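Engineer: The structure follows.
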Amino acid sequence: MLTVCYYGEFDPFSGSVDRRCECIDDVVRVLAMLCLLHDVVIVPPGALLDHPLGLPAFERLAPFVRAGVLGTTASPSEPGPRTYMKERVRRRVDGRLDRRGGSLKSSDVIELQSRLSDILPAQWTITGDAARQVRTSSPC
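Residue numbers (the working numbering): 3 to 142.
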């Protein structure tokens with residue numbers, strides 16, 4: 003049986019991870035431990051763009067990311083992680099995505115997309131199928 007852990011600590015409202023760069027070692031330590039204890043550790047896709055420690059943590063844990071142990075997820079209808087995140091970056095630059103993490107300069111887009119592409123796998127490890135989850139968890 004596949005064990006999946008959802009790491010929601012990057013959430014700007016309910017998360018506990020500080021946004022200061024000096025906290026990166028603690029974040030990496032916790033995520034690495036979760037990766038060793040679970041088959042898959044899922045982080046919300048927005049954390050890679052909106053939280054200043056999201057992408058650096060993924061980069062430091064790149065072997066787990068490339069192996070599909072640490073990652074993000076979306077609907078099965080979405081393209082793979084690389085394409086999905088590239089589209090999220092583009093929507094953020096166009097102003098069609100929440101900017102809780104601060105503004106994103108157009109000059110940073112190429113670097114950001116390159117950093118994401120370097121570590122994210124081409125295919126999802128798992129997908130979040132909300133319709134199926136609702137059907138299978140319904141008490142009726």
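By construction, the Cβ of each residue, glycine as well, lies at the ideal position given by its N, Cα and C atoms.
Source: prediction; values computed, not measured.
Going straight from the alpha carbon of Phe12 to that of Thr74, what length do you get?
Structural biologist: Translated into positions along the sequence shown, residue 12 becomes position 10. Translated into positions along the sequence shown, residue 74 becomes position 72. Using only the alpha carbons, I get a separation of about 12 Å.
Engineer: Determine the direct distance from the alpha carbon of Pro58 to that of Tyr86, and round the result to whole angstroms.
Structural biologist: Taking the sequence shown and counting its residues from 1, one reaches residue 86 at position 84. Taking the sequence shown and counting its residues from 1, one reaches residue 58 at position 56. Their Cα atoms are separated by approximately 19 Å.
Engineer: What's the call for Asp28, buried or exposed, on a 16-neighbour Cβ count within 10 Å?
Structural biologist: The sequence position of residue 28 within the sequence shown is 26, counting from 1. Exposed is the call here.
Engineer: Indicate the three-state DSSP secondary structure (helix, strand or coil) for Ser140 in the structure shown.
Structural biologist: Here residue 140 refers to the residue found at position 138 when the sequence shown is read from its first residue. Unreliable placement is indicated for Ser140, whose pLDDT of 43 sits below 50; the coordinate value is still reported in the next sentence. Coil.
Engineer: Please tell me whether Leu39 and Phe66 are closer than 9 Å, where the distance is taken between their beta carbons.
Structural biologist: By 1-based counting over the sequence shown, the position of residue 39 is 37. By 1-based counting over the sequence shown, the position of residue 66 is 64. Not in contact: Leu39 and Phe66 (Cβ atoms no closer than 9 Å).
Engineer: Can you give me the start and stop residues for the beta strand (DSSP E) that Val91 sits inside?
Structural biologist: As a position in the sequence shown, residue 91 is number 89, starting the count at 1. First-last for Val91: Pro83 to Val95, but that is the alpha helix (DSSP H), not the beta strand (DSSP E).
Engineer: Going by CA-CA distance only, name the one from Pro78, Glu80, Arg90 and Gly17 that's closest to Leu114.
Structural biologist: Counting from one through the sequence shown, the residue named residue 114 turns up at place 112. The residue with the shortest Cα to Cα distance from Leu114 is Arg90.
Engineer: What residues match up with Gly73 in a beta bridge as DSSP calls it?
Structural biologist: Locating residue 73 in the sequence shown gives position 71, counting from the first residue. Note: Gly73 sits in a beta bridge opposite Ile44.
Engineer: Please go through the same chain and pick out, in chain order, the residues whose beta-carbon is closer than 6 Å to the beta-carbon of Val45, but skip the five residues on each side of it.
Structural biologist: Position 43 of the sequence shown holds residue 45. Result list for Val45: Tyr9 and Thr74, in chain order.
Engineer: Per DSSP, what kind of secondary structure is Val19 in: helix, strand or coil?
Structural biologist: On the sequence shown, position 17 is the one that residue 19 refers to. It is coil, neither helix nor strand.
Engineer: Distance check for Leu51 and Cys7, CA to CA, integer angstroms please.
Structural biologist: Taking the first residue of the sequence shown as 1, we reach residue 7 at position 5. Taking the first residue of the sequence shown as 1, we reach residue 51 at position 49. If I take the Cα positions, the gap works out to 20 Å.
Engineer: Using CA coordinates, which residue listed in Pro81, Met35 and Asp96 is at the minimum distance from Pro123?
Structural biologist: In the sequence shown, the residue the question calls residue 123 occupies position 121. Ranking the options by Cα distance to Pro123, first place goes to Pro81.
Engineer: Could you check which residue in Asp41, Pro83 and Trp126 has the C-alpha nearest to that of Ser119?
Structural biologist: In the sequence shown, counting from the first residue as 1, residue 119 sits at position 117. Checking every option, the nearest Cα to that of Ser119 belongs to Pro83.
Engineer: Got a sec, what are the start and stop residues for the beta strand (DSSP E) Cys2 sits in?
Structural biologist: This structure does not reach residue 2, given that the chain is present from 3 up to 142, and the question cannot be answered.
Engineer: Can you have a look at Thr5 and say buried or exposed, based on whether 16 or more other CB atoms are within 10 angstroms of its CB?
Structural biologist: Along the sequence shown, read from residue 1 onward, the residue named residue 5 stands at position 3. The residue is exposed, with fewer than 16 neighbouring Cβ atoms inside 10 Å.
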